[in-house]
Amino acid sequence: MRLAPSDGGPVSGFRSLVSEVLAGSLPEAMAEAVGAELAGRADRIRSAARGAGCDLLSPWAAPTLLAPMALDAPPRETGLWFSVFEAGAGWGPDVQFTARYASETPALAVFRDDLYCVYQGRGDDPDLWWTAHRADGSWSEDLPFPAHHTLGSPALAVFQDRLYCAHRGGSGDWSIALSSYDGGTWRPDRPVPNAESVYGPALAVFRDALHLAYADAAQRIMVTTSRDGRSWTAPEPVPGCATTRSPALAVYDGALHLLHGNPKDGAIHWSRLRGTTWTLEGALPGHRTRSNIGLAVFDGKLMCVHRDPARQQLWWSAFDGTAWSTDTEMSGHSSKYGPALAVHRNRTGTRDQLLCVHRGHAQRFVTATGEVLTDEDPAGLHELDDPASATD
0 MRLAPSDGGP VSGFRSLVSE VLAGSLPEAM AEAVGAELAG RADRIRSAAR GAGCDLLSPW
60 AAPTLLAPMA LDAPPRETGL WFSVFEAGAG WGPDVQFTAR YASETPALAV FRDDLYCVYQ
120 GRGDDPDLWW TAHRADGSWS EDLPFPAHHT LGSPALAVFQ DRLYCAHRGG SGDWSIALSS
180 YDGGTWRPDR PVPNAESVYG PALAVFRDAL HLAYADAAQR IMVTTSRDGR SWTAPEPVPG
240 CATTRSPALA VYDGALHLLH GNPKDGAIHW SRLRGTTWTL EGALPGHRTR SNIGLAVFDG
300 KLMCVHRDPA RQQLWWSAFD GTAWSTDTEM SGHSSKYGPA LAVHRNRTGT RDQLLCVHRG
360 HAQRFVTATG EVLTDEDPAG LHELDDPASA TD
């Protein structure tokens with residue numbers, strides 16, 4: 000099938016054809032929703048196909064995600080990819096999330112039933128970019144923030160009916176800033192007082208307050224809190240915790256959990272906050288990373304996804320309130336940087352699914368127009384864990 004030319008006729012016939020074809024395998028309302036979404040995304044699909052055709056891929060719980068992947072797409076990419084986890088079925092295959100160049104771990108959050116993704120762009124002082132999958136099945140385009148820059152991974156959290164984004168500054172600017180979104184406009188950045196980091200921060204809501212965690216210049220993990228998104232407490236260190244990457248935060252079983260990679264051996268260490276006191280829980284059994292960690296609560300468990308320090312492979316495990324499961328390889332899922340996790344249910348879905356979004360694992364690749372893209376790592380933030388891959 001081919002879509003109508005961008006300057007030509009209607010796509011209503013295409014919409015009806017898609018709905019008719021899918022009606023044999025999907026409920027009628029869902030088939031109509033997929034057909035309607037395709038009709039509204041003709042230009043994006045045509046751009047991805049590049050005249051050679053494309054697959055449109057979605058997890059079952061989000062049939063209108065419809066990520067277009069060119070049939071001749073290279074297996075290694077510098078864009079973002081996603082995979083979906085279902086209890087009892089495990090992780091699905093990687094599907095392209097956005098083809099735009101991403102330089103670090105992205106951030107994910109669900110705000111007013113829409114799925115938001117924020118990520119660092121490309122360059123010595125890269126813009127922050129964002130995209131959203133709407134509850135009505137539509138996609139926003141990849142859009143730059145108005146005047147927000149970063150070198151590092153951003154963080155997202157929903158607080159007091161606003162979506163908050165925390166990030167460090169651009170080239171030479173270690174200060175951490177915060178912006179918020181009301182569903183229509185991103186506010187200008189506001190600095191978080193006395194908070195500076197070479198790496199990106201983590202953000203979570205615990206006991207009616209924003210909690211922001213980051214590694215300071217001495218690699219100590221610091222935490223500051225805010226009850227209004229404007230004023231912040233003085234940053235305080237988490238006892239015994241240090242890292243050379245961004246920490247990870249999630250609320251589970253009445254406690255705030257913090258995971259981070261140990262700067263000496265890469266072991267993943269775990270602490271949790273109950274009340275006002277942090278408790279060191281030690282290292283997770285056999286878990287190691289030198290990248291950011293994805294952390295989220297799904298199916299009654301605290302889920303952790305991380306990148307192997309010796310390869311670019313992703314691994315996962317779960318905490319059930321008593322113990323962590325064995326670290327398990329996600330076969331066929333590789334990433335240059337750490338992943339982000341979020342729990343999302345499409346409006347046509349019948350159950351929640353755990354979504355993992357991560358950067359592709361290419362060091363260098365050639366675009367369809369012949370442009371060669373190479374990871375800059377402009378601030379020297381990211382180690383090349385596998386030197387052999389430098390020739391890729």
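Residue numbering for the sequence shown follows numbering that gives the first Met the number 0, beginning at 0 and increasing consecutively.
From the three backbone atoms N, C-alpha and C, an ideal C-beta is built for every residue, glycine too.
> Can you tell me the Cα-Cα spacing of Asp307 and Pro190, whole angstroms?
Replying inline: As a first step, residue 307 is located in the sequence shown; it is residue number 308 there, counting from the start. As a first step, residue 190 is located in the sequence shown; it is residue number 191 there, counting from the start. Going from the Cα of Asp307 to the Cα of Pro190 covers about 33 Å.
> What residue ranges within the stretch 300-355 form continuous beta strand (DSSP E) runs of no fewer than 3 residues, ordered along the chain?
Replying inline: 300-306, 312-318, 327-333 and 339-343
> Can you round the beta-carbon distance between Leu354 and Phe81 to whole angstroms, since I take them to be within the 8 Å contact cut?
Replying inline: Position 355 of the sequence shown holds residue 354. Position 82 of the sequence shown holds residue 81. Yes, they are in contact, since the Cβ atoms of Leu354 and Phe81 sit about 6 Å apart, within 8 Å.
> Taking the C-alpha atoms as reference points, what is the distance between Asp207 and Thr232?
Replying inline: As a working note, residue 207 is residue 208 in the sequence shown. As a working note, residue 232 is residue 233 in the sequence shown. So the alpha carbons of these two residues sit roughly 14 Å apart.
> Going along the chain, which residues of its own chain have a beta-carbon closer than 7 Å to the beta-carbon of Pro284, five neighbours each way excluded?
Replying inline: As a position in the sequence shown, residue 284 is number 285, starting the count at 1. So the qualifying residues of the chain are Trp323.
> Between Pro105 and Tyr115, is the Cβ-Cβ spacing less than 7 Å?
Replying inline: The residue given as residue 105 occupies position 106 in the sequence shown. The residue given as residue 115 occupies position 116 in the sequence shown. No, they are not a contact pair.
>> So, with DSSP's three-state summary, where would you put Tyr100?
In response: Position 101 of the sequence shown holds residue 100. Looking at Tyr100 - three-state DSSP - the assignment turns out to be coil, as it is neither helix nor strand.
> How is Trp231 classed by DSSP in three states: helix, strand or coil?
Replying inline: Taking the sequence shown and counting its residues from 1, the one referred to as residue 231 is at position 232. Three-state DSSP puts Trp231 in coil, outside helix and strand.
>> Helix, strand or coil, according to DSSP, for Phe84 in the structure here?
In response: In the sequence shown, the residue the question calls residue 84 occupies position 85. Phe84 falls in the strand class under three-state DSSP.
> Quick one: is Pro238 buried, meaning 16 or more other Cβ sit within 10 Å of its Cβ, or exposed?
Replying inline: Reading the sequence shown from its first residue, position 239 is the one you call residue 238. Per the 10 Å Cβ criterion, exposed.
> Secondary structure at His360, three-state DSSP: helix, strand or coil?
Replying inline: Reading the sequence shown from its first residue, position 361 is the one you call residue 360. The answer is coil: DSSP assigns His360 none of H, G, I, E or B.
> Thinking C-alpha only, which one of Ser170, Pro125 and Gly299 is nearest Asp351?
Replying inline: Taking the sequence shown and counting its residues from 1, the one referred to as residue 351 is at position 352. Asp351 has its Cα closest to that of Gly299, out of Ser170, Pro125 and Gly299.
>> What does the alpha-carbon distance come out to for the pair His305 and Thr184?
In response: For this step, residue 305 is matched to residue 306 along the sequence shown. For this step, residue 184 is matched to residue 185 along the sequence shown. Rounded to whole angstroms, His305 to Thr184 spans 32 Å at the Cα level.
>> Taking its Cβ as the centre, do 16 or more other Cβ atoms sit within 10 Å of Pro192, making it buried, or is it exposed?
In response: On the sequence shown, position 193 is the one that residue 192 refers to. So Pro192 counts as exposed.
>> Could you tell me the alpha carbon to alpha carbon distance between Gln95 and Glu103, rounded to whole angstroms?
In response: Start at 1 with the first residue of the sequence shown, and residue 95 comes out as number 96. Start at 1 with the first residue of the sequence shown, and residue 103 comes out as number 104. Computed Cα separation, rounded: 16 Å.
> Helix, strand or coil: which one does DSSP assign to Val197?
Replying inline: Locating residue 197 in the sequence shown gives position 198, counting from the first residue. In this structure, Val197 counts as coil in the three-state DSSP scheme.
> Gln159 by DSSP, collapsed to three states: which one?
Replying inline: In the sequence shown, the residue the question calls residue 159 occupies position 160. Correct three-state label for Gln159: coil.
> Does the count of Cβ pairs from the stretch 155-173 and the stretch 199-213 closer than 8 Å reach three?
Replying inline: yes
>> Contact between the stretch 135-145 and the stretch 316-333 is defined here as three or more beta-carbon pairs at a separation below 8 Å; is this criterion met?
In response: no
> Along the chain, which unbroken stretches of the beta strand (DSSP E) at least 3 residues long are found entirely within the stretch 167-194?
Replying inline: 174-180
>> Give me the residue from Gly260, Asp215, Gly182 and Glu280 with the minimum Cα distance to Ala134.
In response: The residue labelled residue 134 in the question sits at position 135 within the sequence shown. For the residues Gly260, Asp215, Gly182 and Glu280, the minimum Cα distance to Ala134 belongs to Gly182.
>> Quick check on the burial criterion: 16 or more other C-beta atoms within 10 angstroms. Buried or exposed for Ser170?
In response: Looking up residue 170 in the sequence shown gives position 171. Ser170 is exposed by the Cβ-count criterion.
>> I'd like to check one pair, His256 with Pro246: are the Cβ atoms closer than 7 Å?
In response: Numbered from 1 along the sequence shown, position 247 holds the residue referred to as residue 246. Numbered from 1 along the sequence shown, position 257 holds the residue referred to as residue 256. Taking 7 Å as the Cβ cut-off, Pro246 and His256 do not qualify as a contacting pair.
> Closest by CA to Asn345, which one among Val83, Thr77 and Leu79?
Replying inline: In the sequence shown, counting from the first residue as 1, residue 345 sits at position 346. The option with the nearest alpha carbon to Asn345 is Val83.
> Assuming Leu107 and Ala282 make a contact with CB atoms under 8 Å, what is their CB distance in whole Å?
Replying inline: As a first step, residue 107 is located in the sequence shown; it is residue number 108 there, counting from the start. As a first step, residue 282 is located in the sequence shown; it is residue number 283 there, counting from the start. No, Leu107 and Ala282 are not in contact; Cβ-Cβ is about 26 Å, not under 8 Å.
> Between Arg244 and Asn291, which are expected to be in contact by the criterion C-beta below 8 Å, what is the C-beta distance as a whole number of angstroms?
Replying inline: For the purposes of this step, residue 244 is identified with residue 245 of the sequence shown, where counting begins at 1. For the purposes of this step, residue 291 is identified with residue 292 of the sequence shown, where counting begins at 1. About 5 Å separates the two Cβ atoms, so the contact holds.
>> As a quick exercise: from Arg161, Gly151, Cys303 and Lys335, pick the residue whose alpha carbon is nearest that of Arg167.
In response: The count along the sequence shown starts at 1 and reaches residue 167 at position 168. Nearest C-alpha to Arg167: Gly151.
> DSSP on Gln95, reduced to helix/strand/coil?
Replying inline: In the sequence shown, residue 95 corresponds to position 96, counting from 1. DSSP places Gln95 in strand when its eight states are reduced to three.
> If we ignore side chains and look at the alpha-carbon of each, how far apart do Pro234 and Ala176 end up?
Replying inline: Position 235 of the sequence shown, counted from the start, is the residue given in the question as residue 234. Position 177 of the sequence shown, counted from the start, is the residue given in the question as residue 176. About 14 Å.
>> Give me, in chain order, the residues of the same chain whose beta-carbon lies closer than 6 Å to that of Asp93; leave out the 5 immediate sequence neighbours on both sides.
In response: Counting from 1 along the sequence shown, the entry for residue 93 is found at position 94. These residues qualify, in order along the chain: Trp80, Ser82 and His332.
>> Could you tell me which whole beta strand (DSSP E) segments of length 3 or greater appear in the stretch 219-287?
In response: 219-225, 235-241, 247-251, 254-260, 266-273 and 276-287
>> According to DSSP, Ala108 sits in a beta bridge with which residue or residues?
In response: Residue 108 sits at position 109 when you count from the first residue of the sequence shown. In DSSP, Ala108 forms a bridge with Tyr115.
> Of the residues His343, Ala339, Pro125 and Arg111, which one's Cα is nearest the Cα of Gly430?
Replying inline: Residue numbering for the chain in the displayed model covers 0 to 391; residue 430 lies beyond these limits and cannot be assessed.
> Just to confirm, are Tyr198 and Ala214 a CB contact at a threshold of 7 Å?
Replying inline: As a working mapping, residue 198 is identified with position 199 in the sequence shown. As a working mapping, residue 214 is identified with position 215 in the sequence shown. Yes, these two residues count as a Cβ contact at 7 Å.
> Apart from the five residues just before and just after Ala146, which ones in its own chain have a Cβ nearer than 8 Å to its Cβ?
Replying inline: Looking up residue 146 in the sequence shown gives position 147. Closer than 8 Å at Cβ, skipping near neighbours: Pro187 and Asp188.
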